[in-house]
Amino acid sequence: MDPFATKLEDYAVLGENSIITAHIMTHDKFFLLPVTVKKRATVGVGVIIMPGVEVGENSVVLPGSVVTMETQIPPNEIWGGIPARKIKDVERSNCGR
């Protein structure tokens, strides 16, 4: 994880063995783009997050997924796969009602 270019907001969860990188070198270009994991978002075990990614509030990235450079995951969505794509919306819970 790049601590100076990574922001984990309140109650964000980062799974074991996940990698967040805010920098990458491709061919002759160096990219340094901040990564943000918003409030109450969950990043599963073994996920790789590339530079410039934002994981929206209450969203989930499933274990083993790869979120490619500059992907913007909207709030309340579940994403997974390689590369990560939207799977479905987060369902509202009836807990506490």
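Quick note on numbering: this note's numbering labels position 30 of the sequence shown as 45, and the sequence is numbered without any gaps.
Backbone N, C-alpha and C define an ideal beta-carbon position, used for all residues, glycine too.
### Query
Under a three-way DSSP split, which group does Leu47 fall into?
As a position in the sequence shown, residue 47 is number 32, starting the count at 1. If DSSP states are grouped into helix, strand and coil, Leu47 belongs with the strands.
### Message
Taking the alpha-carbon of Gly59 as reference, which of Glu106, Arg107, Ala99 has the nearest alpha-carbon?
### Response
Here the question's residue 59 lines up with position 44 in the sequence shown. Residue Ala99 is the option with its Cα nearest to Gly59.
### Message
On a Cα-Cα basis, can you pick out the residue from Val82, Asn73, Lys101, Ser33 that is closest to Asn91?
### Response
As a working note, residue 91 is residue 76 in the sequence shown. Selected option, being the one with the closest Cα: Asn73.
### Task
Just tell me which of Lys103, Val105, Ile63, Glu85 has its CA closest to the CA of Leu47.
For the purposes of this step, residue 47 is taken as the residue at position 32 of the sequence shown. The alpha carbon of Leu47 has as its nearest neighbour, out of Lys103, Val105, Ile63, Glu85, the alpha carbon of Glu85.
### Query
Between the C-alpha atoms of Ile88 and Phe45, what's the straight-line distance to the nearest angstrom?
Here residue 88 refers to the residue found at position 73 of the sequence shown. Here residue 45 refers to the residue found at position 30 of the sequence shown. Approximately 23 Å, taken between the alpha carbons.
### Task
Return the CA-CA distance between Asp17 and Asp104, expressed in angstroms with no decimal places.
Residue 17 sits at position 2 when you count from the first residue of the sequence shown. Residue 104 sits at position 89 when you count from the first residue of the sequence shown. Put simply, the backbone Cα of Asp17 is about 29 Å away from that of Asp104.
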